[in-house]
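Worksheet: the structure to be examined is printed underneath.
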Amino acid sequence: EGNPIFMPIDGKTMRGSYTKADKSDMLHIVSAWASAQGITLGQVAVDSKSNEITAIPQLLKMLELHGAIVSIDAMGCQRDIASKIIVGGGDYVLQVKGNQPSLQEAIESSFTEVDEAEATQTKVRRCTTKEKSRGRQEVRHYTILPLPDSMSAMGKKWSGLKSIGRVVREVQREGKQTSKTSYYITSLEAKVGVFSESVRSHWGIENSLHWVMDVVFGEDRSRIRQGHAAENMSFLRRFVTTLLKQDTSKSSLKQKRKEAAWDTDFLEKLLFQ
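If you count by the working numbering, then the sequence shown holds residues 62 to 334, one letter each, in order.
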């Protein structure tokens with residue numbers, strides 16, 4: 062087997078795409094991201110964040126899922142979506158929140174039992190990571206365990222479900238500490254290394270894609286909105302980002318974008334390399 066392909070799927074609202082008649086009418090783009098390569102693999106546009114549930118199955122049909130580990134936030138934690146990923150030959154890591162209350166409660170109870178019986182838990186896998194950046198320290202505690210017997214009946218309703226995971230994020234900044242706990246279901250075996258990398262790659266889409274769209278391309282400020290223009294421009298921005306990232310020079314994406322506008326030789330290199 063080769064290295065797994067981490068494929069986060071996440072949505073981003075284009076805040077400038079509203080109409081004067083309805084400021085809540087903003088386009089929402091659901092994208093699939095190849096973490097290692099830093100490129101967009103596909104996207105689907107919907108008219109609101111609530112429609113992500115319908116957009117994700119459409120997006121999955123467009124993707125080659127064999128060997129991929131697809132991560133989706135709680136909006137995409139749906140049985141149909143899990144099934145489509147398994148049928149397509151991939152694996153999933155799905156965040157569980159209040160939209161699946163029974164599932165969340167069962168997972169929380171399972172981890173409570175694990176914490177209380179630490180000495181006898183031989184199948185539990187854990188790891189901790191630490192990061193420091195600009196006065197901010199973040200510690201992440203990852204835990205994964207095989208699907209407990211107490212969840213076997215519930216587990217049969219989810220295609221391919223093998224393990225449950227928990228991530229506790231502790232952030233310290235300016236003397237203040239906050240803690241947040243997230244829960245997951247996954248078709249992966251209980252291997253904490255792959256699980257933790259999938260979760261980290263999903264968080265990374267915020268900086269690797271969404272931040273680039275807004276800071277480098279000013280997507281949130283764009284008032285393009287007529288017809289399919291906003292959707293088409295979102296596709297072009299992501300396509301151009303892919304081209305810019307293929308250039309290995311140390312210049313920033315913003316600098317490369319300007320250079321492509323000013324230097325036809327550099328532009329040709331991007332287009333035909």
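Built from N, CA and C at the ideal position, the CB exists for glycine as well.
Since this is a predicted model, take the numbers as computed values, not measurements.
Under 9 Å, do Pro65 and Val255 count as touching if we go by C-beta distance?
-> Remark: C-beta atoms of Pro65 and Val255 approach each other more closely than 9 Å.
If we count the other Cβ atoms within 10 Å of its Cβ and call it buried at 16 or more, is Gln104 buried or exposed?
-> It is buried - the Cβ of Gln104 has at least 16 other Cβ atoms within 10 Å.
What do you get for Gln161, buried or exposed, if any count of 16 or more other CB atoms within 10 angstroms of its CB means buried?
-> With 16 or more Cβ atoms within 10 Å of its Cβ, Gln161 is classed as buried.
What are the boundary residues of the beta strand (DSSP E) that Gly265 is part of?
-> Segment 253–266 is the alpha helix (DSSP H) holding Gly265; no beta strand (DSSP E) there.
When you compare each of Gly221, Asp141, Arg299, Val200 to His234 by their alpha carbons, which one comes out closest?
-> In the sequence on display, residue 234 carries Arg and not His. With distances taken between CA atoms, Arg234 lies nearest to Val200 out of Gly221, Asp141, Arg299, Val200.
What residues match up with Thr204 in a beta bridge as DSSP calls it?
-> The bridge partners DSSP lists for Thr204 are Arg187, Arg227.
By DSSP, does Leu102 sit in helix, in strand, or in coil?
-> In this structure, DSSP gives Leu102 an extended state, which the three-state scheme calls strand.
Is DSSP giving Met212 helix, strand or coil here?
-> Here Met212 carries a helix assignment [DSSP, helix/strand/coil].
Return the residue from the list Asp71, Leu88, Pro209 that minimises the CA-CA distance to Asn293.
-> Nearest option by C-alpha distance: Leu88.
Mind the definition here: the region 210–227 touches the region 114–124 only if three or more C-beta pairs lie below 8 Å; say whether that holds.
-> With the rule of 3 Cβ pairs closer than 8 Å, the region 210–227 does not count as touching the region 114–124.
Close Cβ partners of Leu222 (< 7 Å) along its chain, the five nearest in sequence each way excluded | If the five residues before and after Leu222 are omitted, its C-beta is found closer than 7 Å to the C-beta atoms of Leu208, Gly216, Ile246, Ser248, all from its own chain and listed in chain order.
Would you mind stating whether Ala129 and Gly159 have Cβ atoms separated by less than 9 Å?
-> No; because the gap between Cβ atoms is not below 9 Å, this pair is not in contact.
Kindly indicate the opening and closing residues of the alpha helix (DSSP H) around Val175.
-> For Val175, the enclosing alpha helix (DSSP H) has its first and last residue at 162–177.
Mind checking Ser78: buried by the 16 CB within 10 Å criterion, or exposed?
-> Residue placement at Ser78 cannot be trusted, given a pLDDT of 49 that sits under 50; the coordinates are not used to answer.
Sequence-distant residues of the same chain with beta carbon closer than 6 Å to Val185, five excluded per side = Closer than 6 Å at Cβ, skipping near neighbours: Val175, Leu206.
Closer than 7 Å by C-beta to Thr309: which residues in its own chain qualify, once you throw out the five before and the five after it? Chain order, please.
-> Excluding positions up to five away in sequence, the list is empty.
Can you check whether the CB of Val91 is closer than 9 Å to the CB of Asp108?
-> Going by beta carbons, Asp108 and Val91 fall outside the 9 Å limit.
Where the beta strand (DSSP E) through Ala93 begins and ends | Note, Ala93: beta strand (DSSP E), 89–95.
Cβ-based burial, Trp219 [other Cβ within 10 Å; buried from 16] = Buried: at least 16 other Cβ atoms inside 10 Å.
Could you check how far apart the C-beta atoms of Ile225 and Ser171 are, in whole angstroms? I think they sit under 8 Å.
-> By a beta-carbon distance limit of 8 Å, Ile225 contacts Ser171. Their separation comes to about 6 Å.
Pick from Gly196, Asp141, Ala251, Ala291 that is closest to Gly236, judged by C-alpha positions | Of the listed residues, the one whose Cα sits closest to Gly236 is Gly196.
With DSSP as the reference, please indicate the residues paired to Gln302 in a beta bridge.
-> Looking at the sequence itself, residue 302 is Thr, so the reference to Gln does not match. Bridge partners of Thr302: none, in fact.
What is the residue span of the alpha helix (DSSP H) that Leu126 lies within?
-> From DSSP, Leu126 is part of no alpha helix (DSSP H); its letter is neither H nor E.
Quick one, which of Leu331, Gln238, Lys311 has its alpha-carbon nearest Val301's?
-> Ranked by Cα distance from Val301, the first of Leu331, Gln238, Lys311 is Leu331.
Given a threshold of 16 other Cβ atoms within 10 Å of its Cβ, counted over all protein chains shown, does Trp323 qualify as buried or as exposed?
-> Classification for Trp323: exposed.
Work out the CA separation of Phe327 and Val228 for me, nearest whole Å.
-> When rounded, the distance between both Cα atoms is 44 Å.
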